[in-house]
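If you count the sequence shown from 1, position 60 lands on 60 in this note's numbering, and the numbers rise without skipping.
Even for Gly, the Cβ is constructed at its ideal location relative to N, Cα and C.
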Amino acid sequence: MRYSGTTYSGASYAYISDKDVQDISKWPGQPDYSYPKCPTLCLYNRDDKKLIQWGRSARASRYKTENIVMLQQFKLYLDDELERSVKQLPLGLTVTDVIADYLEKFFGHVKADMAKKGFHQNFEKQARFCLTVPAMWSDKSKQIMRDAAIKSGIINASDHRDRLMLISEPEAAAIYCEKTCDKFNMQHGDEFMICDAGGGTVDLIVFRVEMDPFGSREFKESVKGIGKPCGSTFIDRKFTKFLKKKLKKVIRKTGNTIEVPDAPLDHMTEVFVGNYMHLDCLVERSFFLIDSNIADNLKPLFDGTEDLHVSVSMGFDLITKTEPSIGLDEGNMTFTKEELKQHVFGPVVSEVVQLCRDLQKSTTNLKAIFMVGGFGSSAYLYSQMEKEFSPENIRIVQPERPEMAVTRGAVYFGLNPTKITTRIPRSWYGIEITNIFDPNIDPVEYKVIRPDGSVRCDNRFSTYVERGKPIDINSCVSRNYTTYYPSHTACTFFSSDSEIEPRYTISTPTTTVRKVFDFEIPMPTLPNVKHGDPVPLTIKMYFGEVELRVEAVIDDQTYAVVCNFDL
Numbered sequence: 001m002r003y004s005g006t007t008y009s010g011a012s013y014a015y016i017s018d019k020d021v022q023d024i025s026k027w028p029g030q031p032d033y034s035y036p037k038c039p040t041l042c043l044y045n046r047d048d049k050k051l052i053q054w055g056r057s058a059r060a061s062r063y064k065t066e067n068i069v070m071l072q073q074f075k076l077y078l079d080d081e082l083e084r085s086v087k088q089l090p091l092g093l094t095v096t097d098v099i100a101d102y103l104e105k106f107f108g109h110v111k112a113d114m115a116k117k118g119f120h121q122n123f124e125k126q127a128r129f130c131l132t133v134p135a136m137w138s139d140k141s142k143q144i145m146r147d148a149a150i151k152s153g154i155i156n157a158s159d160h161r162d163r164l165m166l167i168s169e170p171e172a173a174a175i176y177c178e179k180t181c182d183k184f185n186m187q188h189g190d191e192f193m194i195c196d197a198g199g200g201t202v203d204l205i206v207f208r209v210e211m212d213p214f215g216s217r218e219f220k221e222s223v224k225g226i227g228k229p230c231g232s233t234f235i236d237r238k239f240t241k242f243l244k245k246k247l248k249k250v251i252r253k254t255g256n257t258i259e260v261p262d263a264p265l266d267h268m269t270e271v272f273v274g275n276y277m278h279l280d281c282l283v284e285r286s287f288f289l290i291d292s293n294i295a296d297n298l299k300p301l302f303d304g305t306e307d308l309h310v311s312v313s314m315g316f317d318l319i320t321k322t323e324p325s326i327g328l329d330e331g332n333m334t335f336t337k338e339e340l341k342q343h344v345f346g347p348v349v350s351e352v353v354q355l356c357r358d359l360q361k362s363t364t365n366l367k368a369i370f371m372v373g374g375f376g377s378s379a380y381l382y383s384q385m386e387k388e389f390s391p392e393n394i395r396i397v398q399p400e401r402p403e404m405a406v407t408r409g410a411v412y413f414g415l416n417p418t419k420i421t422t423r424i425p426r427s428w429y430g431i432e433i434t435n436i437f438d439p440n441i442d443p444v445e446y447k448v449i450r451p452d453g454s455v456r457c458d459n460r461f462s463t464y465v466e467r468g469k470p471i472d473i474n475s476c477v478s479r480n481y482t483t484y485y486p487s488h489t490a491c492t493f494f495s496s497d498s499e500i501e502p503r504y505t506i507s508t509p510t511t512t513v514r515k516v517f518d519f520e521i522p523m524p525t526l527p528n529v530k531h532g533d534p535v536p537l538t539i540k541m542y543f544g545e546v547e548l549r550v551e552a553v554i555d556d557q558t559y560a561v562v563c564n565f566d567l
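Structure follows, in structure tokens:
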């Protein structure tokens with residue numbers, strides 16, 4: 001079972017016995033048509049800070065009273081690249097709170113839907129869950145997602161860690177493409193790229209195909225993947241900004257200012273986005289007069305060859321219904337293909353194409369790029385990718401139902417977690433130690449003189465994992481230390497995204513270093529050991545999995561180590 005989504009979330013499931021993946025296709029507040037995803041929206045009461053609506057129902061209720069606040073795209077708060085540019089969440093809420101609130105309602109609906117289909121009571125206690133995360137997320141962001149899942153009641157803190165598995169979204173999509181796409185004819189040694197273009201983020205990952213001894217494909221990540229917040233949400237924002245600029249020429253002034261009302265502006269953006277596949281409910285509200293045949297196809301089907309036409313909402317107080325300078329004619333707005341390319345689609349699509357080009361330069365035998373995710377189904381994005389890569393005999397493929405590739409692929413991953421055999425870390429990982437002091441390199445303020453007279457350098461970065469170096473999923477980095485009974489062992493773990501290996505755990509002009517987490521290894525009771533005696537300690541770290549895992553070995557006993565992230 002899987003949840004995801006900056007803009008939409010979906011859930012799929014399968015029995016271990018038959019492995020036939022099914023989707024949850026009905027969601028609260030949804031019209032009669034079936035669409036297997038739900039808007040990732042939360043509506044809160046300002047007074048008590050309680051969640052009052054979620055999903056499509058939140059969108060429908062947002063203008064009924066002023067005492068509410070709607071939160072959307074809150075998954076972007078877990079993107080470290082955006083942490084300085086996104087606004088602080090209102091009402092004193094944390095991102096863990098909001099995701100947990102959404103997951104609780106989301107999962108409650110999933111359980112109720114599956115119960116109607118004959119699942120026994122409390123069936124979820126026998127299920128394994130998969131949550132998908134962008135490949136570029138930090139370890140801290142992944143931990144927040146796990147904490148939110150626990151807070152929502154999907155799992156308990158005491159459950160085995162593998163009861164909830166995290167998988168990167170492009171990895172899930174890769175498994176889906178192999179399972180379902182007849183154009184997936186990758187041979188031994190071939191490379192293929194997954195371009196997972198969603199609402200908020202675009203994640204890229206490249207796999208090399210290798211055949212196991214039984215003739216089945218294994219996927220090994222061959223180059224370090226990259227990602228960027230340049231999903232289709234940014235097209236929506238540019239459309240809203242461009243539409244607002246146009247409408248200011250024809251909206252009646254309120255006093256000395258021109259105010260473009262939010263409600264009809266938002267609904268026009270939703271028609272462009274394609275959030276409504278039938279407009280019966282909109283006609284009843286009298287917000288729109290628009291051709292329902294094109295309402296769900298404006299953004300996804302735009303390929304750069306035709307203009308788009310939208311009726312202007314009756315919710316605007318217009319001076320005139322005709323203004324040729326902005327393409328307004330009798331209440332109908334025309335957006336020319338040229339201005340859509342220049343102001344709306346072009347800037348975002350160009351970022352995606354360039355992102356793919358940047359990663360393609362690191363490959364050696366790239367045969368195909370698979371476009372998945374909601375944005376991955378865009379006709380304009382497909383046309384620009386074809387234009388860029390087809391001359392080099394790199395196929396651009398949109399699999400069937402690209403918007404469901406990650407959701408269904410996560411279920412396939414849950415059934416076969418070893419399909420991905422090698423991953424490439426996107427950061428350097430290490431701990432802080434003291435090392436030999438080099439007066440020609442090390443700052444004098446880091447100089448430490450020990451009681452035995454040895455001169456050491458403090459704040460040194462001891463590397464556990466090298467950025468960009470492949471790691472098998474079951475590989476373990478093990479280091480031996482000596483501690484003294486009965487002292488506990490405290491340690492801080494650091495990471496760096498810099499190109500060169502960091503020398504210190506403190507950032508420098510050439511390297512940026514972040515604290516990932518602290519951890520403490522409690523000393524167990526050792527009956528035959530005296531106070532002050534040395535005790536061998538082994539710290540094991542598993543980096544090949546989607547989540548970082550730490551274990552300690554003392555007196556031949558292995559202990560799970562709790563990593564305390566600074567959240």
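Give every residue of the same chain whose Cβ lies closer than 8 Å to the Cβ of M211, excluding the five residues on either side of it in the sequence, and list them in chain order. H188, R217, E218.
Which residue from P536, K246, L381, K469 puts its Cα closest to that of E323? Out of P536, K246, L381, K469, K246 has the C-alpha closest to the C-alpha of E323.
Per DSSP, the bridge partner or partners of N564: Its beta-bridge partners are D518.
Any chance you could list the beta strand (DSSP E) runs of at least 3 consecutive residues sitting entirely within the segment 119-202, in chain order? The qualifying runs are 129-133, 164-168, 191-197.
Among R146, S168, I167, which has the Cα closest to the Cα of H160? If we check each option's Cα against that of H160, R146 comes out closest.
Answer with buried or exposed for S478, where buried requires no fewer than 16 other C-beta atoms within 10 angstroms of its C-beta. By the neighbour-count criterion, in which a residue is buried when 16 or more other Cβ atoms sit within 10 angstroms of its Cβ, S478 is exposed.
Using 8 Å as the threshold, is the segment 168-186 in touch with the segment 397-410, meaning 3 or more CB pairs across them? Three or more pairs of CB atoms, one per stretch, sit closer than 8 Å, so the segment 168-186 contacts the segment 397-410.
Just curious, the alpha helix (DSSP H) that A379 is in, first and last residue? Residues 379-389.
For D203 versus P170, is the C-beta spacing smaller than 8 Å? In this structure, the beta-carbon distance from D203 to P170 falls below 8 Å.
Could you work out which residue in K299, G29, G198 is closest to T240 when comparing CA atoms only? Selected option, being the one with the closest Cα: K299.
Would you decide whether C476 is buried or exposed? Buried here means 16 or more other CB atoms lie within 10 Å of its CB. Exposed, since its Cβ has fewer than 16 Cβ neighbours within 10 Å.
In terms of residues, what are the limits of the beta strand (DSSP E) holding V584? Because the chain here runs from 1 to 567, residue 584 falls outside it and cannot be looked at.
Looking only at DSSP bridge pairs, what is L328 linked to? E323, M333, per the DSSP bridge assignment.
Specify, as a first and last residue, the run of the beta strand (DSSP E) that P536 falls within. It spans 534-542 - the beta strand (DSSP E) in which P536 sits, taken as one unbroken run.
Tell me the DSSP secondary structure of G29 in three-state form. Coil at G29, not helix or strand.
Environment of Y412 [buried if 16+ CB atoms lie within 10 Å]: Per the 10 Å Cβ criterion, buried.
Between the alpha carbons of S495 and L548, how many angstroms are there, rounded? If you draw a straight line from the Cα of S495 to the Cα of L548, it comes to about 12 Å.
Assign Q557 to one of three DSSP states: helix, strand, or coil. In the structure shown, Q557 sits in a strand (DSSP, three-state: E or B).
Count Cβ pairs between the segment 484-491 and the segment 511-530 that sit closer than 8 Å; are there 3 or more? Judged by Cβ distances under 8 Å, the segment 484-491 makes contact with the segment 511-530, as three or more pairs qualify.
Could you tell me whether the segment 422-432 touches the segment 496-514, where touching means 3 or more Cβ pairs closer than 8 Å? Taking one beta carbon from each stretch, the segment 422-432 and the segment 496-514 have 3 or more pairs nearer than 8 Å; the two touch.
CB F370 to CB I471, shorter than 8 Å? Going by C-beta atoms, F370 is not nearer than 8 Å to I471.
How big is the Cα-Cα spacing for V535 and T558? The alpha-carbon atoms of V535 and T558 are separated by roughly 14 Å.
So what does DSSP say about L318, is it helix, strand or coil? The DSSP-derived three-state label of L318 is strand.
Do you know offhand how far L289's Cα is from S158's? Below a pLDDT of 50, predicted positions are generally treated as unreliable, and L289, at 26, falls in that range; the measurement from the model is reported next regardless. About 54 Å.
For M211, the three-state DSSP class (helix, strand or coil): In the structure shown, the three-state DSSP call for M211 is strand.
Rounded to the nearest angstrom, what separates H531 and I554 at their Cα positions? Cα to Cα, H531 sits roughly 16 Å from I554.
Could you pull the start and end residues of the alpha helix (DSSP H) that T568 belongs to? Any property of residue 568 remains undetermined from this structure, which presents the chain solely from 1 to 567.
For C356, report the span of its alpha helix (DSSP H) as first-last. Counting along the chain, the alpha helix (DSSP H) containing C356 begins and ends at 346-360.
Would DSSP call T483 helix, strand or coil? Here DSSP, grouped into helix, strand and coil, assigns T483 to strand.
CA nearest to the CA of I258, picked from L318, M114, A127, T422: Looking at the Cα atoms, L318 is the closest of the given residues.
Same chain only: Cβ atoms within 8 Å of T568, ignoring 5 sequence neighbours per side: This structure leaves residue 568 out entirely; the chain is present only between 1 and 567.
Between the CA atoms of P134 and K142 - distance to the nearest angstrom: Between the alpha carbons of K142 and P134 lies a gap of roughly 9 Å.
Per DSSP, P264 is paired with what? Bridge pairing for P264: absent [DSSP].
Identify the residues that DSSP records as bridge partners of Y13: which are they? Note: Y13 sits in a beta bridge opposite Q22.
Starting from the C-beta of D307, find all residues in its chain whose C-beta is less than 7 Å away, skip the five residues before and the five after it, and write them out in chain order. T334, F335, T336, K337, listed in sequence order.
Same chain, Cβ closer than 7 Å to R423, neighbours up to 5 away in sequence not counted: In chain order, E221, I471, I473, G544 place their CB closer than 7 Å to the CB of R423, counting only its own chain and leaving out the 5 sequence neighbours on each side.
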